[in-house]
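Asks: I am attaching a structure below and will ask some questions about it afterwards.
Protein chains: 2
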Amino acid sequence: MNLLTRQTDYAVRALGYMMRRPENNATAAELTAALKIPRPFLRKLLQELTKHHVLRSRKGAGGGFELARDPEKIRFSELIEIFQGPLRLNHCTFRKKPCPNKKVCAMRRRIGCIEEMVINQLRATKLTDLVQKGE
Amino acid sequence: MNLLTRQTDYAVRALGYMMRRPENNATAAELTAALKIPRPFLRKLLQELTKHHVLRSRKGAGGGFELARDPEKIRFSELIEIFQGPLRLNHCTFRKKPCPNKKVCAMRRRIGCIEEMVINQLRATKLTDLVQKGE
DNA sequence: ACAAATGATACTAATTTAGTATCATTACGT
DNA sequence: ACGTAATGATACTAAATTAGTATCATTTGT
Ligand code: FES
Ligand code: FES
């Protein structure tokens with residue numbers, strides 16, 4: 018049971034690296050070298066972040082990626098959603114689609130409550146909370 | 018992202034069913050019919066619960082499974098651990114095994130804190146909290 | 001002996017996650 | 001204009017995890 022997939026974890030590292038640079042930017046090549054993440058995988062993930070407007074990119078020579086916003090405004094929850102879909106701990110596995118029982122299901126209520134706590138925490142956590150400032 | 022796997026979910030249903038019976042017991046055949054879970058899968062999972070002393074079993078004609086303890090004493094956390102391994106949301110994916118960085122890693126600290134909340138909730142939740150009494 | 005139950009174990013299938021490969025497009029510098 | 005350095009898009013393969021099946025052995029009540 019793991020809260021993060023590798024992609025999300027890598028994304029945090031990459032964003033953290035950029036956050037510590039004066040211009041909040043980097044190229045895929047730089048990040049590959051610095052973080053030792055397989056390059057094509059990293060690139061895919063950076064593109065995904067760009068699509069979701071967490072990064073901005075510039076093509077061509079001298080191009081690269083930069084944070085699209087203040088790191089204080091990048092939520093952990095947002096990153097997880099990008100790579101892992103909506104924040105739900107709570108799917109009902111029974112009888113496929115919408116479970117008729119869902120409203121009265123005691124288990125769902127319990128998990129729903131835990132879910133809510135987790136989501137609140139994740140929303141409250143910003144990129145700046147995930148990375149050491151120093152070094 | 019899902020807190021439970023199907024096995025855990027099924028296990029809760031099966032245990033819940035037994036909990037509502039006067040003798041806290043049932044056979045695999047009964048449970049299959051009542052819960053519509055694939056039988057061999059269910060059987061495997063019941064055996065697992067027996068191994069971990071959540072259930073007791075009796076072989077042979079007239080045999081079956083029964084709760085090994087008071088449902089108040091069966092924790093949600095325990096069930097999850099049986100089917101999904103130790104409760105950790107927190108593996109470090111970097112550089113394989115024990116991460117030298119782990120102690121200072123801001124992200125791990127954050128997740129660790131969330132993890133702790135979740136685990137506390139799961140430990141506090143008993144089988145009786147997961148199942149409707151009535152019906 | 002037979003039937004009804006679980007125990008043990010090994011296998012297959014489906015799904016999700018991780019990672020690779022390729023080619024198209026854009027922009028800078030000469 | 002051209003070459004090079006970058007990202008965009010897309011399709012594919014591989015590995016890991018989860019779900020599910022199949023089979024045979026063992027025990028127990030009648
Ligand atoms: S049985 Fe579907 S939500 Fe609990
Ligand atoms: S880098 Fe290993 S724990 Fe954060």
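Chains as they are written, first to last, in our numbering: chain A, 18 to 152; chain B, 18 to 152.
Note that the Cβ used here is the ideal one computed from N, Cα and C, for glycine as well.
Quick caveat, the model's predicted, so the values are computed rather than measured.
Residues of chain A with CB closer than 7 angstroms to the CB of T110(B), please, in chain order.
Replies: The residue given as residue 110(B) occupies position 93 in the second sequence. Ordered by position in chain A, the residues that pass the 7 angstroms Cβ test against T110(B) are R23 and D26.
Asks: For the 8 angstroms Cβ check, are there 3 or more pairs between the region 71-78 of chain B and the region 43-61 of chain B?
Replies: As far as the Cβ criterion goes, the region 71-78 of chain B does not touch the region 43-61 of chain B, which means the pair count is below three.
Asks: For S94(B) and R140(B), I'd like the C-alpha separation in whole angstroms.
Replies: Numbered from its first residue, the second sequence carries residue 94(B) at position 77. Numbered from its first residue, the second sequence carries residue 140(B) at position 123. Approximately 5 angstroms, taken between the alpha carbons.
Asks: If you measure from the CB of N118(A), is any heavy atom of ligand 1 nearer than 7 angstroms?
Replies: Residue 118(A) sits at position 101 when you count from the first residue of the first sequence. Yes - ligand 1 has a heavy atom lying nearer than 7 angstroms to the Cβ of N118(A).
Asks: At 4 residues or longer, and completely inside the region 18-77 of chain A: list those alpha helix (DSSP H) runs for me, N to C.
Replies: Listed in chain order, the complete alpha helix (DSSP H) runs (minimum 4 residues) inside the region 18-77 of chain A are 23-37, 45-52 and 56-68.
Asks: Starting from K143(A), follow its DSSP beta bridges and name the residues at the other end.
Replies: Locating residue 143(A) in the first sequence gives position 126, counting from the first residue. Note: K143(A) sits in a beta bridge opposite R92(A).
Asks: Are the CB atoms of G79(B) and A43(B) within a distance shorter than 8 angstroms?
Replies: Taking the second sequence and counting its residues from 1, one reaches residue 43(B) at position 26. Taking the second sequence and counting its residues from 1, one reaches residue 79(B) at position 62. Cβ atoms of A43(B) and G79(B): not closer than 8 angstroms.
Asks: Suppose you measure from the CA of K120(A) to the CA of L147(B); what does that come to, to the nearest Å?
Replies: In the first sequence, counting from the first residue as 1, residue 120(A) sits at position 103. In the second sequence, counting from the first residue as 1, residue 147(B) sits at position 130. Roughly 13 angstroms between the two C-alpha positions.
Asks: Using a C-beta to C-beta distance shorter than 8 angstroms, which residues of chain A count as neighbours of G102(B)?
Replies: The residue you call residue 102(B) lines up with position 85 of the second sequence. Ordered by position in chain A, the residues that pass the 8 angstroms Cβ test against G102(B) are M18.
Asks: Just grab the DSSP bridge partners of F82(A) for me.
Replies: Along the first sequence, read from residue 1 onward, the residue named residue 82(A) stands at position 65. In DSSP, F82(A) forms a bridge with A43(A) and S74(A).
Asks: Could you check how far apart the C-beta atoms of L62(B) and A28(B) are, in whole angstroms? I think they sit under 8 angstroms.
Replies: On the second sequence, position 45 is the one that residue 62(B) refers to. On the second sequence, position 11 is the one that residue 28(B) refers to. So it is a contact: roughly 6 angstroms between Cβ atoms.
Asks: Would you say the beta carbon of F111(A) comes nearer than 7 angstroms to a heavy atom of ligand 1?
Replies: The sequence position of residue 111(A) within the first sequence is 94, counting from 1. At least one heavy atom of ligand 1 is nearer than 7 angstroms to the Cβ of F111(A), so yes.
Asks: Out of Q24(A), M35(A) and G102(A), which one is the CA nearest neighbour of T145(A)?
Replies: Along the first sequence, one-based indexing puts residue 145(A) at 128. When each option's Cα is compared against that of T145(A), the closest is M35(A).
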